[in-house]
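Numbering follows my numbering, with no gaps: position 395 of the sequence shown is 606. Note that CB positions come from ideal geometry on N, CA and C, so glycine has one too. Report on the following structure.
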Amino acid sequence: MENNRNKKAPVKRGASNFLIQGTILAVAGIIVRIIGMFYRIPLASILGNEGNGYYSSAFSIYSILLIVSSYSMPTAVSKMVATRLARKEYINSFRVLKVSLFYGTVVGGIGAAILWFGADVFANDFLKMPYTSYALKTLAPTIWIIAYLGVFRGYFQGLGTMLPTAISQVFEQIVNAVISIYAAAKLFDLGLKSNAVYGVKQYSFAFGAAGGTIGTGVGALAALLFLGFIMLNYRPVVKKQARRDRTRRLESYQELSSLLVMTVFPIVLSSVAYNISIVIDNSIYGNGMTLLGMDTSEIASNWGIYSGKYRLLFNIPVAIANSLASALIPSLSQAVAERNKGQIIRKISMVIRFSMIISIPATVGLTVLAAPICNLLFQRDDNTALIGMMVYGSVAVVFFSLSTVTNAVLQGINHMRTPLKNAVISLVLHVGILWVMLFVFKMGIYAVLYSNILFALTMCLFNGLAIGKFLNYRQEVIKTFLLPTLASALMGGAAYGTYALIHFILKSNLLGVLAAIAVASAVYGVLLLKLRCVDEKELLGLPGGGKMVNIARKFHLL
Numbered sequence: 212m213e214n215n216r217n218k219k220a221p222v223k224r225g226a227s228n229f230l231i232q233g234t235i236l237a238v239a240g241i242i243v244r245i246i247g248m249f250y251r252i253p254l255a256s257i258l259g260n261e262g263n264g265y266y267s268s269a270f271s272i273y274s275i276l277l278i279v280s281s282y283s284m285p286t287a288v289s290k291m292v293a294t295r296l297a298r299k300e301y302i303n304s305f306r307v308l309k310v311s312l313f314y315g316t317v318v319g320g321i322g323a324a325i326l327w328f329g330a331d332v333f334a335n336d337f338l339k340m341p342y343t344s345y346a347l348k349t350l351a352p353t354i355w356i357i358a359y360l361g362v363f364r365g366y367f368q369g370l371g372t373m374l375p376t377a378i379s380q381v382f383e384q385i386v387n388a389v390i391s392i393y394a395a396a397k398l399f400d401l402g403l404k405s406n407a408v409y410g411v412k413q414y415s416f417a418f419g420a421a422g423g424t425i426g427t428g429v430g431a432l433a434a435l436l437f438l439g440f441i442m443l444n445y446r447p448v449v450k451k452q453a454r455r456d457r458t459r460r461l462e463s464y465q466e467l468s469s470l471l472v473m474t475v476f477p478i479v480l481s482s483v484a485y486n487i488s489i490v491i492d493n494s495i496y497g498n499g500m501t502l503l504g505m506d507t508s509e510i511a512s513n514w515g516i517y518s519g520k521y522r523l524l525f526n527i528p529v530a531i532a533n534s535l536a537s538a539l540i541p542s543l544s545q546a547v548a549e550r551n552k553g554q555i556i557r558k559i560s561m562v563i564r565f566s567m568i569i570s571i572p573a574t575v576g577l578t579v580l581a582a583p584i585c586n587l588l589f590q591r592d593d594n595t596a597l598i599g600m601m602v603y604g605s606v607a608v609v610f611f612s613l614s615t616v617t618n619a620v621l622q623g624i625n626h627m628r629t630p631l632k633n634a635v636i637s638l639v640l641h642v643g644i645l646w647v648m649l650f651v652f653k654m655g656i657y658a659v660l661y662s663n664i665l666f667a668l669t670m671c672l673f674n675g676l677a678i679g680k681f682l683n684y685r686q687e688v689i690k691t692f693l694l695p696t697l698a699s700a701l702m703g704g705a706a707y708g709t710y711a712l713i714h715f716i717l718k719s720n721l722l723g724v725l726a727a728i729a730v731a732s733a734v735y736g737v738l739l740l741k742l743r744c745v746d747e748k749e750l751l752g753l754p755g756g757g758k759m760v761n762i763a764r765k766f767h768l769l
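What follows is the structure, given as structure tokens:
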């Protein structure tokens, strides 16, 4: 009995620490998305829907090149570092960092060169939006910067701390917001002068979009300098760990380089397949609507609403799933290295359940408060199209959150090719459905919206089947899906009623939205406890969990 108790103790601490680190990154992710949302509001006003279309289209191309060259680095590096730390191989873990920095130099430089020299080809031939090339070129250096940034973030995540990543993300976004708004306004004004000279109206939108992308690079550079400073101060710890190293065999740089490429490659391919849908959608929609006779400016405007506003809003809660996934991968890698199946199962169950506890109410909230939220955030615009997208498309939050987390699970248990296979199958289905909706049913931008939801849904189904097969695992249903859905439905009614009442009495959209969010949060929290969806032990595993337990006890909720 004593031995069994001793074995269980570290598992509980590990699970708690994993959740705490995930929460730290999730909080930072929410802050980053909120900053992003609020700076994109004035940015959208400066650029207009057409300029926002150029801005979003440039980012869709940039994002794919970023994934290929740099975006996979945190996941791959954290996985390799965590595996070696589980074996107390501190010297080998630091050699992983050195190899990764060299790899980042090569692939980051190649990615930046492709975007810079291929900007006109992407803009003219692929997107059918020639004026996007200005924004593409200003984004090119950022790929190289983020390659290094991803390496350092992955190293610290592999060490088991998400704090450097979290702080650097917030710092990066603050700098990004300030520079983006300033540069967009200045270059938009410069574009107006070019419009007058050349007798067109697009230069102001194109230059403004390019100004908005400058902030991305400056913010990334600021974050890189911050992490470089942290790394310099961490060197004494590295030297101290080296004296306690248990490395049996020093891995060569060539060996680590090969292993890094083998680790990165499936992650890159699965990430590309998972994220390239937005680029394919952009191209199919742009070319398709051109064939159907829509004006280029209208195409850019519609795409700006979809990509620059709708996706901006639904990606805020999805950021929490991304953060939990980032914390899960090194944690799972350590558990796999230790061959602790019980810990693996507990962590998978926990991360999936908590992602649903957050994403389901977010979906309901964005649906019932779609009009008030959109009109509050984008007051200068006609939000009819955006509100429709939010009402019919907010369910994407659930499916994208779950697919993100299950991707991380498969990568963490060393089945990295499976998300790639699932993403490719889902992508083929997605493209076929999009084509039918666009050309047969003439659904316009809603064809893009619905086909993306189906893409995420098929990813969830395929990933879930794969996890069950590899681990003989079945996700608990009642506390993961059914009770959060019931609580969210009741929460949604309370939120809508509160907004309607406050707006009727005070005629204030802002106060109505704030009151609705406050009431919704309280109602949902109470229902989670009353329905026993979250218990006391799970609350204690969260940051500030002790205080939450004390409050819940005072109100007789536990």
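Check whether residue i and residue j have beta carbons under 8 Å apart
{"i": "Lys299", "j": "Arg457", "result": "yes"}
{"i": "Gly240", "j": "Ala530", "result": "yes"}
{"i": "Thr475", "j": "Pro583", "result": "Reading the sequence as shown, one finds Val at residue 475 and not Thr. The answer is no: Cβ separation not under 8 Å."}
{"i": "Ile425", "j": "Ala394", "result": "yes"}
{"i": "Tyr684", "j": "Ile559", "result": "yes"}
{"i": "Pro285", "j": "Arg364", "result": "yes"}
{"i": "Leu682", "j": "Ile556", "result": "yes"}
{"i": "Ala677", "j": "Val616", "result": "no"}
{"i": "Phe399", "j": "Gly422", "result": "yes"}
{"i": "Ala416", "j": "Glu549", "result": "Note that residue 416 corresponds to Phe in the displayed sequence, not to Ala. Result no, Cβ atoms of Phe416 and Glu549 do not sit closer than 8 Å."}
{"i": "Tyr314", "j": "Ser468", "result": "yes"}
{"i": "Ser570", "j": "Val609", "result": "yes"}
{"i": "Ser280", "j": "Gly322", "result": "yes"}
{"i": "Gly439", "j": "Lys339", "result": "no"}
{"i": "Val620", "j": "Leu543", "result": "yes"}
{"i": "Asp331", "j": "Ser344", "result": "yes"}
{"i": "Tyr273", "j": "Leu326", "result": "yes"}
{"i": "Ile664", "j": "Asn513", "result": "no"}
{"i": "Cys744", "j": "Lys680", "result": "no"}
{"i": "Ile354", "j": "Leu276", "result": "yes"}
{"i": "Ala727", "j": "Leu580", "result": "yes"}
Residue i, DSSP secondary structure in three states
{"i": "Arg460", "result": "coil"}
{"i": "Arg743", "result": "coil"}
{"i": "Gly225", "result": "Note that Gly225 has pLDDT 44, beneath the 50 cutoff, so the model's placement of it is unreliable and the number below is only indicative. Three-state DSSP puts Gly225 in a helix."}
{"i": "Met505", "result": "coil"}
{"i": "Asp593", "result": "coil"}
{"i": "Asn618", "result": "helix"}
{"i": "Ser289", "result": "helix"}
{"i": "Gln545", "result": "helix"}
{"i": "Met373", "result": "coil"}
{"i": "Phe652", "result": "coil"}
{"i": "Ile772", "result": "The requested residue 772 does not occur in the structure, where the chain is confined to residues 212 to 769."}
{"i": "Val575", "result": "helix"}
{"i": "His714", "result": "helix"}
{"i": "Lys748", "result": "helix"}
Burial state of residue i, where buried means 16 or more other Cβ atoms lie within 10 Å
{"i": "Lys196", "result": "This structure leaves residue 196 out entirely; the chain is present only between 212 and 769."}
{"i": "Arg764", "result": "exposed"}
{"i": "Asp173", "result": "With the chain covering only 212 through 769, there is no way to say anything about residue 173."}
{"i": "Leu631", "result": "buried"}
{"i": "Thr349", "result": "buried"}
{"i": "Gly419", "result": "buried"}
{"i": "Pro447", "result": "exposed"}
{"i": "Gln590", "result": "exposed"}
{"i": "Met702", "result": "buried"}
{"i": "His641", "result": "buried"}
{"i": "Asn215", "result": "Any answer about Asn215 is weak, because its pLDDT of 42 lies below 50 and its placement is not dependable; what the coordinates show is given next. Classification for Asn215: exposed."}
{"i": "Leu258", "result": "buried"}
{"i": "Asn444", "result": "exposed"}
{"i": "Gly225", "result": "Low confidence applies to Gly225: its pLDDT is 44, below 50, so where it sits in the model is not reliable enough to give any reading."}
{"i": "Ile716", "result": "exposed"}
Sequence-distant residues of its chain with Cβ nearer than 7 Å to residue i (five each side left out)
{"i": "Leu435", "result": "Ile356, Tyr359, Leu360"}
{"i": "Ser508", "result": "Glu261"}
{"i": "Val659", "result": "Asp492, Tyr496, Tyr517, Leu645"}
CB-CB length for residue i against residue j, believed under 8 Å
{"i": "Ser614", "j": "Cys671", "result": "5 Å"}
{"i": "Ala293", "j": "Gly369", "result": "5 Å"}
{"i": "Pro528", "j": "Ser612", "result": "7 Å"}
{"i": "Tyr661", "j": "Ala698", "result": "Incorrect: roughly 27 Å between the Cβ atoms, too far for contact."}
Same chain only: Cβ atoms within 6 Å of residue i, ignoring 5 sequence neighbours per side
{"i": "Val562", "result": "Leu535, Leu539, Val616"}
{"i": "Gln413", "result": "Tyr342"}
{"i": "Leu480", "result": "Leu631"}
{"i": "Glu213", "result": "Model confidence at Glu213 stands at a pLDDT of 38, short of 50, so the residue's coordinates are unreliable; what they give is reported in the following sentence. Excluding residues within five positions, none has a Cβ falling inside 6 Å."}
{"i": "Lys218", "result": "Reliability fails at Lys218, whose pLDDT of 40 lies under 50, so the model's placement of it is uncertain and no value is given."}
{"i": "Ala388", "result": "Ile246, Tyr250"}
Contacting residues, own chain, Cβ-Cβ under 8 Å from residue i (five flanking each side not counted)
{"i": "Asn406", "result": "Lys412, Gln413, Tyr414, Ser415"}
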